[in-house]
Amino acid sequence: MNIFQGLMHRKNEGSMAAQKPAASQLIRPVQGAICLPRKIDVERMPTVFTKKYPLRGKIPTTYAESDALAVVFDQTGSMSKWPNVFIGKLPFLMSTSEGLGKYSRLYEVAWGAIGDAHNDESYPVQLCGFTSNIVQARASLGSLVLEGLGGGNHGESYDLALYGLASRLELAANQRGFAVILGDEPYFTVIEPGQVGKYFGERAKFNRINEAVAALRAKGMDAYAILCDSGVKPAWTELLGRGFVTTLDAPEKVVEAIVGIMAARVGQGKEFATRLALRAPRELASQVTRALDELDVRPKGLLGK
81 MNIFQGLMHR KNEGSMAAQK PAASQLIRPV QGAICLPRKI DVERMPTVFT
131 KKYPLRGKIP TTYAESDALA VVFDQTGSMS KWPNVFIGKL PFLMSTSEGL
181 GKYSRLYEVA WGAIGDAHND ESYPVQLCGF TSNIVQARAS LGSLVLEGLG
231 GGNHGESYDL ALYGLASRLE LAANQRGFAV ILGDEPYFTV IEPGQVGKYF
281 GERAKFNRIN EAVAALRAKG MDAYAILCDS GVKPAWTELL GRGFVTTLDA
331 PEKVVEAIVG IMAARVGQGK EFATRLALRA PRELASQVTR ALDELDVRPK
381 GLLGK
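Just so it is clear: in the sequence shown, position 16 is 96 by the working numbering, and no numbers are missing.
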């Protein structure tokens, strides 16, 4: 089955259905842009981000037989046009009808955005819930606020995003997945208790960003960074490890890279590269392939047991 076939309607909040959805519940792949209905039921959107802090509750997946993908991007001013391109391109992760090989799992997707809590911004950490429903995924992605600020202090609040994923994410026992951080700045190594209290309403479970990464991986979620500034690559490699950090110079290539990670994690990396070379411009295919060659896509943590 293509990884994007059989996308199911999101079930009630927090449910972890063990049975496969009926055929009537499935959303089929579509061609082209996703058209939203005129009215979106915001109260039923799969998000823990309510534009009011602190963020409450867990971030559960909704289907026990799915895999989980969390995509979190830096939305500060230094990222220029990247966030808007992400918003335009990322929903195609869930709607593409291109054949990418045979996959054994479906994916649920959760979006997030990062600002700078040290700059007294209004929305320094935003995290949405998981969904495999195309319309809800597009709506929750569109709910993120792009402040476009950043404090020029040589860092953004990646620590808070990783803290939120590590402390709030809930996967079923047999689930696996990965998170992708998209950015161009260094991270803050210390997770400040005051910021955790303000934005998550709790005492800090982790004091350092590397502890959050370890906790996330212990849940079965690998963590990758795709950077648009090679100057910060050494620092991110120190945090995530060699094989979990790469660079790309244009946001249009990021979606292809994420799909490539999906493919490679289930043994379809060569098939993906072949299809990419046939359908994409040479420069794009070359850069995406180079970026993927840098990554270790063998599942770690719970996935390797």
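Glycine is no exception: its CB is placed at the ideal position from the N, C-alpha and C atoms.
First and last residue of the uninterrupted alpha helix (DSSP H) at residue i
i    : result
I338 : V334 to R345
G257 : Not the alpha helix (DSSP H): G257 falls in the beta strand (DSSP E), residues G257 to G263.
L349 : Here the sequence assigns Gly to residue 349, which means Leu is not the residue at that position. Here the alpha helix (DSSP H) through G349 covers G349 to R359.
V270 : Premise fails: V270 is in no alpha helix (DSSP H) and is neither H nor E.
T369 : R362 to D373
V39  : No information on residue 39 is available, as it lies outside the stretch 81 to 385 that the chain covers here.
V215 : I214 to G222
V293 : I289 to A298
Counted within 10 angstroms of its Cβ, other Cβ atoms place residue i as buried (16 or more) or exposed
i    : result
V276 : buried
N213 : buried
T156 : buried
G311 : exposed
P117 : Residue confidence for P117 is low, a pLDDT of 31 falling below 50, so the modelled location carries little weight; the figure read from the coordinates is stated next. Counting Cβ neighbours within 10 Å, P117 comes out exposed, since fewer than 16 surround it.
S146 : buried
E201 : buried
K138 : exposed
L221 : buried
S104 : At S104, the pLDDT of 29 sits below 50, so the modelled position is not reliable and the matter cannot be decided from this model.
R362 : exposed
T211 : buried
K333 : buried
S237 : buried
R322 : exposed
D302 : buried
T354 : exposed
R256 : buried
P163 : buried
D154 : buried
A23  : Any property of residue 23 remains undetermined from this structure, which presents the chain solely from 81 to 385.
R378 : exposed
Residues near residue i by beta carbon distance below 7 Å, same chain, minus five either side
i    : result
T326 : I306, A371, E374 and L375
L319 : Y267, I289, N290 and V293
Q206 : F129, G192, A193, L224 and V225
A295 : A246 and F286
One or two residues paired with residue i in a DSSP bridge
i    : result
V152 : G192 and I261
P314 : Note: P314 sits in no beta bridge, so no partner.
E386 : Outside the displayed span of the chain (81 to 385) sits residue 386, for which this structure offers no information.
D147 : Y187
I139 : L249
R283 : R283 is not bridged to any residue.
E236 : Y267
Contact set for residue i: own chain, Cβ-Cβ below 8 Å, skip 5 residues either direction
i    : result
P273 : R283, A284 and N287
H234 : E265 and P266
T269 : D239, R288, I289 and N290
D196 : T156, P204, L229, G230, G231, N233, G235, E236 and S237
Y304 : F258, A259, V260, I261, L320, F324, V325, T326, I341 and L375
Proximal residues to residue i (C-beta, below 6 Å), its chain only, five neighbours per side dropped
i    : result
F280 : P134 and L135
V165 : P331
A357 : A365
S247 : K285
T369 : A353
K169 : V335
Residue range of the unbroken beta strand (DSSP E) whose run includes residue i
i    : result
D302 : M301 to L307
V386 : There is no way to answer for residue 386, as the model of the chain reaches only from 81 to 385.
V205 : V205 to L207
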